[in-house]
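K.L.:
Residue numbers are given in our numbering: position 254 of the sequence shown equals residue 254, and the series is strictly consecutive. Just passing along the structure, written as structure tokens.
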Amino acid sequence: MFLCLICAPALAEPGEALSLVNGSRAEQGLPELETDAVLQAAAEAHAEDMLAREYYSHTSPEGEDVRDRVLAAGGSRWSVVAENIARCEGCGTPDEAAQVRAFHDGWMQSPGHRANILGQGLDTFGFAMTSDGDTIYAVQTFSGPGTPPGHDGADEPTAAVPEEVRAAALEALNAERDGQGRSPLASDAGLDTLAERLAEGATFSDDDMVLPDDVFGLLPDESEGWTSLSVASEACGGCGAKAVRSDGAYFAPRLASGGEDQIFTHMGFALVANAEGRKVAVAVYGAK
Numbered sequence: 001m002f003l004c005l006i007c008a009p010a011l012a013e014p015g016e017a018l019s020l021v022n023g024s025r026a027e028q029g030l031p032e033l034e035t036d037a038v039l040q041a042a043a044e045a046h047a048e049d050m051l052a053r054e055y056y057s058h059t060s061p062e063g064e065d066v067r068d069r070v071l072a073a074g075g076s077r078w079s080v081v082a083e084n085i086a087r088c089e090g091c092g093t094p095d096e097a098a099q100v101r102a103f104h105d106g107w108m109q110s111p112g113h114r115a116n117i118l119g120q121g122l123d124t125f126g127f128a129m130t131s132d133g134d135t136i137y138a139v140q141t142f143s144g145p146g147t148p149p150g151h152d153g154a155d156e157p158t159a160a161v162p163e164e165v166r167a168a169a170l171e172a173l174n175a176e177r178d179g180q181g182r183s184p185l186a187s188d189a190g191l192d193t194l195a196e197r198l199a200e201g202a203t204f205s206d207d208d209m210v211l212p213d214d215v216f217g218l219l220p221d222e223s224e225g226w227t228s229l230s231v232a233s234e235a236c237g238g239c240g241a242k243a244v245r246s247d248g249a250y251f252a253p254r255l256a257s258g259g260e261d262q263i264f265t266h267m268g269f270a271l272v273a274n275a276e277g278r279k280v281a282v283a284v285y286g287a288k
């Protein structure tokens with residue numbers, strides 16, 4: 001391992017690669033990316049590993065992919081990640097800037113690699129290029145909060161206030177219930193508050209939200225008379241950093257099972273988004 005590190009130094013800093021990426025993104029009206037230490041570490045690790053073990057793939061011999069590498073470097077499980085790789089055999093030791101540009105131009109001519117460079121919902125970047133004096137490996141890594149589910153990508157999604165998302169969720173859910181010949185649910189401010197408290201404090205075991213022991217105790221003081229409550233939750237990664245109205249319609253069908261019992265007459269809803277791209281939606285169904 002020590003000898004490998006001596007013979008395979010990094011050939012380039014990420015600055016030139018980032019400049020080319022941001023130039024291509026600017027031509028499409030996309031926001032610039034910034035270098036990120038986690039993505040840089042993931043790119044360097046993969047470039048050096050491919051060179052040392054003489055393979056060329058997004059997946060290591062052990063089955064690890066770009067998400068595994070980003071997580072191992074300290075990245076978020078909730079962000080979207082992407083990766084471009086390239087290899088040049090028999091290239092010797094060319095001018096670094098020229099080689100970085102050659103790799104970038106090649107990626108931009110490949111639809112899949114170009115899509116990564118011009119991806120929406122990205123904000124950070126890492127780059128590594130390494131060589132043994134004959135073969136050069138290059139790796140780009142990308143990450144960001146992603147885009148809202150169902151977003152067509154035509155325009156930047158517009159942030160919505162909680163009331164808009166909540167109304168969209170109730171509308172979508174009641175439309176589904178109407179098609180099933182079931183009575184519509186009414187909104188309730190107290191259940192909305194309960195849903196907000198659950199979403200804001202959400203923790204997960206595997207993919208399931210862990211509920212507190214006393215859900216009724218999280219109801220606001222003025223919300224009384226509930227005899228039965230049901231909670232449904234759904235989490236989404238890489239789903240954008242801000243709540244948009246279409247989130248309500250996306251999550252509502254995924255939360256419908258919590259209110260299937262005929263006793264429920266009201267629903268509360270909340271959605272919380274963070275900068276990493278995690279969205280947590282909670283529906284609370286109530287009966288009096």
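C-beta atoms are modelled at their ideal positions from N, C-alpha and C, and glycine is treated no differently. Predicted model only: the values in this text are computed from it and were never measured.
#1: Rounded to whole angstroms, what is the Cα-Cα separation between Val66 and Ala97?
#2: Between the segment 232-245 and the segment 67-86, do three or more beta carbon pairs fall short of 8 Å?
#3: Output needed for Ala172: all residues of its chain with C-beta closer than 6 Å, excluding positions within five of it in sequence on either side, in chain order.
#4: Using the rule of at least 16 other Cβ atoms within 10 Å of the residue's Cβ for burial, across every protein chain shown, is Met1 buried or exposed?
#5: Would you report the Cα separation of Glu164 and Asp36, rounded to the nearest angstrom?
#6: Look up Asn274 in the DSSP assignment and say whether it is helix, strand or coil.
#7: With a threshold of 16 other CB atoms inside 10 Å of the CB of Lys279, please say whether the residue is buried or exposed.
#8: Under three-state DSSP, which class holds Gln40?
#9: Using a Cβ-Cβ cut-off of 8 Å (strictly less than) and excluding sequence neighbours within five positions of Asp178, which residues of its own chain qualify?
#10: Could you pull out every residue in the same chain whose Cβ sits closer than 6 Å to the Cβ of Asp188, ignoring the five residues on either side in sequence?
#11: Under a three-way DSSP split, which group does Leu229 fall into?
#12: What residues match up with Ser76 in a beta bridge as DSSP calls it?
#13: Do Leu271 and Ala243 come within 8 Å of each other at the CB atom, strictly closer than that value?
#14: Going by beta carbon distance, what residues of the same chain come within less than 6 Å of Ala169, once the five residues before and after it are set aside?
#15: Please list the terminal residues of the continuous alpha helix (DSSP H) segment that includes Val100.
#16: At a cut of 8 Å, does the segment 208-226 reach the segment 142-149 through at least three beta carbon pairs?
#17: Just to confirm my understanding: we take Ser233, look at its own chain, exclude 5 residues before and 5 after, and list those with CB closer than 6 Å. What are they?
#18: Quick check on this structure: which residue in Ile136, Gly277 and Ala82 has the alpha carbon closest to the alpha carbon of Phe125?
#19: Would you please state the rounded distance, in angstroms, between the beta carbons of Asp134 and Gly90? I believe it to be under 8 Å.
#20: Just verifying my parser: in three-state terms, what is the DSSP assignment at Ile263?
#21: How long is the line joining the alpha carbons of Thr141 and Gly217, rounded to whole angstroms?
#22: My guess is that Ser230 and Gly258 are in contact by the Cβ rule of under 8 Å, so how many angstroms apart are they, rounded?
#23: Which two residues bound the contiguous alpha helix (DSSP H) that contains Phe251?
#24: So is Phe264 buried or exposed if we call it buried at 16+ other beta carbons inside 10 Å?
#25: Taking Gly119 as the reference, give the member of Ala256, Pro157, Val284 and Leu30 with the closest Cα.
P.N.:
Taking the definition as stated:
#1: 25 Å
#2: yes
#3: Ala249 and Ala252
#4: Caution is warranted here: a pLDDT of 30 is assigned to Met1, below 50, making its placement in the model unreliable, and the coordinate value is therefore given only provisionally. Met1 is exposed by the Cβ-count criterion.
#5: 34 Å
#6: coil
#7: buried
#8: helix
#9: Pro184
#10: His266 and Gly268
#11: strand
#12: For Ser76, which the question treats as bridged, DSSP gives no partner whatsoever.
#13: yes
#14: Gly248, Ala252 and Phe269
#15: Glu96 to Met108
#16: no
#17: Met209 and Val282
#18: Ala82
#19: 6 Å
#20: coil
#21: 45 Å
#22: 5 Å
#23: Arg245 to Leu255
#24: buried
#25: Leu30
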